[in-house]
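These protein sequences, in sequence, are chains W and C.
Take 6 as the starting number for the first sequence in the working numbering and just add one per residue.
Take 3 as the starting number for the second sequence in the working numbering and just add one per residue.
C-beta: ideal position from N, C-alpha, C; glycine also.
Okay, so here's the structure we're looking at.
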Amino acid sequence: MASEQEILSGLAEIVNEETGLPTDSVQADKSFTDDLDIDSLSMMTIVVNAEEKFGVRIPDEDVKNLRTVGDAVAYISQAQG
Amino acid sequence: MTATARRVVVTGMGATTPLGGDVRSTWEGALAGRSGARPFSASWTQEYDLPVTFGAQAAVPAEDVLERREIKRLDPSQQFAVIAAREAWADAGTPEVDPLRLASVVATGIGGIWTLLTAYDTLREKGARRVLPLTVPMLMGNGPTAAISLEFTARAGAHTPVSACASGAEALAYGADMIRTGRADIVIAGGTEAAIHPLPIASFAAMHALSRRNEDPARASRPFDTQRDGFVLGEGAGIVVLESEEHARARGARVHAELLSAGLSADAHHVAAPEPEGAGVARAVRDALRSADLTPADLHHVNAHATSTPAGDVAEDKGLRLALGDAVDGVAVSATKSMTGHLLGAAGAVESILTVRALQERTAPPTINVDDLDPDVSLDVVRKDARPLNGTGRLVGLNNAFGFGGHNISLVFASV
């Protein structure tokens with residue numbers, strides 16, 4: 006099981022590969038859509054890659070609740086626990 | 003073509019091929035008679051016990067040119083197209099153009115086959131949830147033209163003619179039509195292919211279309227030679243910037259050549275075999291010359307389709323003689339697939355670029371590996387070394403491209 010910090014840096018790598026954004030711009034308080042400008046197709050790609058990387062399942066109906074990077078980190082952390 | 007029809011010129015060229023990562027290195031490689039064929043490094047050659055273990059891979063991998071993010075979001079066929087389009091656009095002087103007057107016509111013969119088959123592997127091994135959301139935009143045949151339309155904001159249209167190995171040439175023909183009929187002032191046109199994957203190799207091998215000279219890849223592609231036994235699968239892209247002559251003149255653009263005309267025909271003979279007497283080829287060549295108000299005697303150079311298959315090369319020989327008559331004897335014929343291999347849907351575009359370069363340099367590139375010219379071939383094949391083109395003043399060159407399905411396309415270029 007990964008710590009929240011490990012999840013955040015793992016997620017930042019996934020976002021970087023998908024969008025080209027620098028990993029240090031992927032902070033817990035950033036909104037995927039408003040701050041990071043990630044469209045729905047990219048968001049789904051990030052979710053698929055996160056599921057694979059962290060060994061969790063993030064159902065489609067939960068994805069819309071993941072507004073910020075912090076929301077996603079908390080969700081993954083809880084799902085792993 | 004009416005007297006008032008707009009003239010179409012080539013103002014930019016870009017390529018990534020088995021001979022080099024740009025037009026300059028590709029042309030230099032062709033002039034020097036270098037082969038781009040080599041053994042596959044991938045482990046799947048052994049894994050699947052493929053009967054063909056070599057090909058002509060891109061000299062510069064896309065991974066060395068594009069950002070990692072672009073590699074992940076674009077199918078290899080899109081990657082090659084984007085690389086060549088960026089070179090062509092820069093070569094054209096990065097034109098200022100109204101997006102509504104700019105179009106993209108980029109073809110592929112096979113499409114995003116790497117993406118399709120990799121996604122199928124993922125589906126079978128990991129299930130539907132692991133299939134990535136960008137799978138469809140990456141595998142669709144119009145993916146390359148869509149990527150280029152997006153990157154260069156081309157809003158006059160984005161098109162994808164598909165005619166197997168004639169696709170790249172058909173894209174140039176379509177793009178020129180868009181300019182002549184007033185739909186666009188500039189068209190980014192060309193072809194791309196990235197099908198060096200075990201499935202297409204197994205499939206082409208199953209129809210005995212590929213050379214099996216595994217022990218000597220550099221000598222495997224030998225158009226018009228008696229010992230030819232099939233083509234060598236290549237990959238890459240060729241993209242040109244086509245522009246109306248008045249638009250190019252108004253912005254002071256450098257013009258590489260004029261695209262005078264295109265001739266298109268269909269064999270309706272067999273899905274894969276060429277019509278043996280070359281009748282369909284001859285109709286395409288004749289139509290192209292007629293559209294340009296030229297006679298066979300006006301022609302100096304042909305970049306032949308000549309893939310190195312036993313049947314195809316002879317059919318093209320007959321078709322050219324049928325169309326040009328005795329005038330064919332004065333024409334220097336080059337088969338550059340002897341060096342590049344066969345780039346399928348990119349072939350007609352890459353070879354159009356080589357045709358333009360030949361006219362600019364007034365030099366026909368060589369056809370390598372013709373140790374023993376097939377006695378059934380009567381063309382004046384430029385063998386071994388490059389040859390200066392006969393003629394003073396304007397030079398005219400023709401590029402042939404044919405595809406499974408019976409497609410025949412001839413493009414006529416003139417030096418400026």
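Whole-angstrom C-beta distance between residue j and residue i, which should lie under 8 Å
{"i": "residue 73 (chain W)", "j": "residue 29 (chain W)", "result": "Not a contact, Cβ separation roughly 16 Å."}
{"i": "residue 326 (chain C)", "j": "residue 361 (chain C)", "result": "That belief does not hold up - the Cβ atoms of residue 326 (chain C) and residue 361 (chain C) are roughly 18 Å apart, past 8 Å."}
{"i": "residue 338 (chain C)", "j": "residue 32 (chain C)", "result": "5 Å"}
{"i": "residue 9 (chain W)", "j": "residue 78 (chain W)", "result": "5 Å"}
{"i": "residue 20 (chain C)", "j": "residue 61 (chain C)", "result": "6 Å"}
Residue i classed as buried or exposed, judged by whether at least 16 other C-beta atoms fall within 10 angstroms
{"i": "residue 266 (chain C)", "result": "buried"}
{"i": "residue 6 (chain W)", "result": "exposed"}
{"i": "residue 68 (chain C)", "result": "buried"}
{"i": "residue 386 (chain C)", "result": "exposed"}
{"i": "residue 261 (chain C)", "result": "buried"}
{"i": "residue 24 (chain C)", "result": "buried"}
{"i": "residue 3 (chain C)", "result": "With a pLDDT of 44 at residue 3 (chain C), under the threshold of 50, the predicted position of this residue should be treated as unreliable, though the coordinate-derived value follows. With fewer than 16 other Cβ atoms within 10 Å, it is exposed."}
{"i": "residue 5 (chain C)", "result": "Only weak support exists for where residue 5 (chain C) lies, its pLDDT of 43 falling under 50; the value from the coordinates is given anyway. So residue 5 (chain C) counts as exposed."}
{"i": "residue 69 (chain W)", "result": "exposed"}
{"i": "residue 146 (chain C)", "result": "buried"}
{"i": "residue 128 (chain C)", "result": "exposed"}
{"i": "residue 176 (chain C)", "result": "buried"}
{"i": "residue 46 (chain C)", "result": "exposed"}
{"i": "residue 106 (chain C)", "result": "buried"}
{"i": "residue 59 (chain C)", "result": "buried"}
{"i": "residue 45 (chain W)", "result": "exposed"}
{"i": "residue 155 (chain C)", "result": "exposed"}
{"i": "residue 272 (chain C)", "result": "exposed"}
{"i": "residue 209 (chain C)", "result": "exposed"}
{"i": "residue 292 (chain C)", "result": "exposed"}
Bridge-paired residues (DSSP) for residue i
{"i": "residue 142 (chain C)", "result": "In DSSP, residue 142 (chain C) forms no bridge with anything."}
{"i": "residue 15 (chain C)", "result": "C:242"}
{"i": "residue 107 (chain C)", "result": "C:161 and C:191"}
{"i": "residue 260 (chain C)", "result": "C:11 and C:416"}
{"i": "residue 411 (chain C)", "result": "C:266 and C:403"}
{"i": "residue 344 (chain C)", "result": "C:235"}
{"i": "residue 249 (chain C)", "result": "Answer is none; residue 249 (chain C) lacks a bridge partner."}
{"i": "residue 219 (chain C)", "result": "In the DSSP output, where bridge partners are listed per residue, residue 219 (chain C) has none listed."}
{"i": "residue 131 (chain C)", "result": "None, per the DSSP bridge assignment."}
{"i": "residue 227 (chain C)", "result": "C:375"}
{"i": "residue 36 (chain W)", "result": "W:73"}
{"i": "residue 365 (chain C)", "result": "C:390"}
{"i": "residue 213 (chain C)", "result": "For residue 213 (chain C), which the question treats as bridged, DSSP gives no partner whatsoever."}
{"i": "residue 303 (chain C)", "result": "C:334 and C:399"}
Straight-line Cα distance separating residue j from residue i
{"i": "residue 192 (chain C)", "j": "residue 109 (chain C)", "result": "6 Å"}
{"i": "residue 91 (chain C)", "j": "residue 100 (chain C)", "result": "15 Å"}
{"i": "residue 418 (chain C)", "j": "residue 247 (chain C)", "result": "11 Å"}
{"i": "residue 162 (chain C)", "j": "residue 75 (chain W)", "result": "43 Å"}
{"i": "residue 82 (chain W)", "j": "residue 12 (chain W)", "result": "7 Å"}
{"i": "residue 334 (chain C)", "j": "residue 308 (chain C)", "result": "14 Å"}
{"i": "residue 152 (chain C)", "j": "residue 264 (chain C)", "result": "27 Å"}
{"i": "residue 130 (chain C)", "j": "residue 141 (chain C)", "result": "17 Å"}
{"i": "residue 52 (chain W)", "j": "residue 134 (chain C)", "result": "10 Å"}
{"i": "residue 276 (chain C)", "j": "residue 89 (chain C)", "result": "35 Å"}
{"i": "residue 410 (chain C)", "j": "residue 216 (chain C)", "result": "30 Å"}
{"i": "residue 14 (chain W)", "j": "residue 251 (chain C)", "result": "54 Å"}
{"i": "residue 29 (chain C)", "j": "residue 356 (chain C)", "result": "7 Å"}
{"i": "residue 318 (chain C)", "j": "residue 270 (chain C)", "result": "16 Å"}
{"i": "residue 2 (chain C)", "j": "residue 132 (chain C)", "result": "The question about residue 2 (chain C) has no answer, for chain C in this structure spans 3 to 418."}
{"i": "residue 303 (chain C)", "j": "residue 389 (chain C)", "result": "11 Å"}
{"i": "residue 15 (chain C)", "j": "residue 239 (chain C)", "result": "11 Å"}
{"i": "residue 282 (chain C)", "j": "residue 50 (chain W)", "result": "47 Å"}
{"i": "residue 49 (chain C)", "j": "residue 200 (chain C)", "result": "9 Å"}
{"i": "residue 226 (chain C)", "j": "residue 37 (chain W)", "result": "59 Å"}
{"i": "residue 136 (chain C)", "j": "residue 75 (chain C)", "result": "7 Å"}
{"i": "residue 158 (chain C)", "j": "residue 103 (chain C)", "result": "5 Å"}
{"i": "residue 279 (chain C)", "j": "residue 321 (chain C)", "result": "7 Å"}
Requested in this report: Mind the definition here: the stretch 47-57 of chain C touches the stretch 355-372 of chain C only if three or more C-beta pairs lie below 8 Å; say whether that holds.
Outcome: no
Query raised in the report: Touching or not, the stretch 390-406 of chain C and the stretch 286-306 of chain C, by the rule of three or more beta carbon pairs under 8 Å?
Result: In this structure the stretch 390-406 of chain C touches the stretch 286-306 of chain C; the number of beta carbon pairs closer than 8 Å is three or more.
Query raised in the report: Do three or more CB pairs link the stretch 227-235 of chain C to the stretch 67-83 of chain C at distances below 8 Å?
Result: Not touching, per the Cβ criterion.
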